[in-house]
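Peer 1: For the sequence shown, our numbering begins at 376 and goes up steadily by one.
For every residue, glycine included, the Cβ atom is placed at its ideal position computed from N, Cα and C.
Small disclaimer: the values here were computed from a predicted structure and weren't measured.
Take this structure, written in structure tokens, and hold onto it; I'll ask about it next.
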Amino acid sequence: MPIYPNKTSQSGSTMPSNLTDSIAIAYTATDSINTSLSDTVYVKFAESKRKADDFSFTVTPKQGAFITTDFETQITFNKPILNYSLDSLYFEYDSTTIQQIPDSIFIWNNHRDKLNFRLTIDKAKIDTLISNQKKISDRSDSLPEAKPASQQQIKRDKAAPKKNLGFRLYIGKGTFISADYDSSNSVGYNYKFVKPEEVGTQEIIATSEYQSYTIQLLTEKFDAFEEVSSQKEHTFYNVPPGKYRIRILIDSNNDGVWSLGNILNNEEPEPVYIYPETLIIRADWRTKLEISF
């Protein structure tokens, strides 16, 4: 970080002509006998040679999760988002039927590295696709079975891809542009459509003096089924029946990240609160839990 004195400084040094991207800083220095000196310096940060991290993101619900007509998701990025394109962001029923996701339902956090939105899925389209697929399957079963001409034909039939009924969130290449001007890769998340009566709902009401924290709904194996950041009230939808736990990661220094600590610097991990009781989530049940931490 070079520091250049002002060309009018008492030292008599001249300011370099190339001071683009520099910052002028005025300062006053006083020594032990109260002699003062005031001047201006120009600070210029050298371009970093460190390679920037690859742009990545995670989506909740995860791949293969159960969903209903009320689809709620969170996309977490490793860099703040500068811009986005809606053309390649949509919910796909099959290769010809899509539902665009408007940015009017987007909810960004302050750092623009977390995006939440809720979309109502058109169940009538899904029912039609399933019905049409079933009709095709029934007609195929009613036809006489034809023997393949050769073993090569058998292998080719087995290798043929199965028809995809859709139900996936598609994020195309370049949908999101980060603050480093790199773009997101293309990815699709497939989900299983279930009836509301086959899954449970867990409502959480949190009371805390902490401002920043993450509430996690954990499975029996302590895997994070879903999580939400710094919300006093939240509802976990479409939870498969079973036993779950609540864990809260407390960001006590409010920097937006829960810290593991550093043993070399004698820094302890930030606090963790685990609700002492196991939650039993049943199909077609809605339960509410009030917690304080």
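1. Determine the contact status of Ser553 and Lys454, defining contact as a CB-CB distance below 9 Å.
2. Counting along the chain, where does the beta strand (DSSP E) carrying Val434 start and finish?
3. Output yes or no for whether 9 Å exceeds the beta carbon distance between Thr448 and Phe492.
4. Mind the definition here: the stretch 580-598 touches the stretch 451-468 only if three or more C-beta pairs lie below 8 Å; say whether that holds.
5. Mind reading off the beta-carbon distance from Asp488 to Thr451? Whole number of angstroms is fine, and I expect it under 8 Å.
6. Buried or exposed for Thr446, going by 16 or more other Cβ atoms inside 10 Å?
7. Would you kindly report the start and end of the unbroken beta strand (DSSP E) that includes Arg425?
8. From Glu467, Tyr402, Ile408, pick the residue whose C-alpha is nearest to that of Phe568; which is it?
9. With which residues is Arg620 paired in a DSSP beta bridge?
10. Given Ile496, which residues of its chain have a CB within under 6 Å of its CB, disregarding the five upstream and five downstream residues?
11. Among the candidates Glu601, Asn485, Glu573, whose CA atom is the shortest distance from the CA of Val434?
12. Using a threshold of 9 Å, state whether the C-beta atoms of Arg620 and Glu645 are closer than that.
13. Could you name the residues of the same chain whose beta carbon sits closer than 8 Å to that of Ser411, not counting the 5 residues immediately before and after it, in chain order?
14. Quick check on the burial criterion: 16 or more other C-beta atoms within 10 angstroms. Buried or exposed for Phe597?
Peer 2: Well, looking at it:
1. Yes, Cβ-Cβ distance for Ser553 and Lys454 is below 9 Å.
2. First-last of the beta strand (DSSP E) with Val434: 432-435.
3. Judged by their CB atoms, Thr448 and Phe492 are nearer to each other than the 9 Å cut-off.
4. A contact is defined here as three or more CB-CB pairs under 8 Å, and the stretch 580-598 fails this definition with respect to the stretch 451-468.
5. About 7 Å; that satisfies the 8 Å criterion.
6. For the sequence presented, residue 446 should be read as Phe rather than Thr. By the 10 Å Cβ count, Phe446 comes out buried.
7. Run containing Arg425: none; DSSP gives neither H nor E here.
8. Phe568 has its Cα closest to that of Glu467, out of Glu467, Tyr402, Ile408.
9. Looking at the DSSP output, Arg620 bridges to Leu593.
10. Within the same chain, Ile496 has close Cβ partners Thr444, Phe446.
11. In terms of CA proximity to Val434, Glu601 leads the group Glu601, Asn485, Glu573.
12. No.
13. For Ser411, where only same-chain residues beyond five positions count, the Cβ hits under 8 Å are Thr403, Ala404, Thr405.
14. Burial check for Phe597: the Cβ neighbour count within 10 Å stays below 16, so the residue is exposed.
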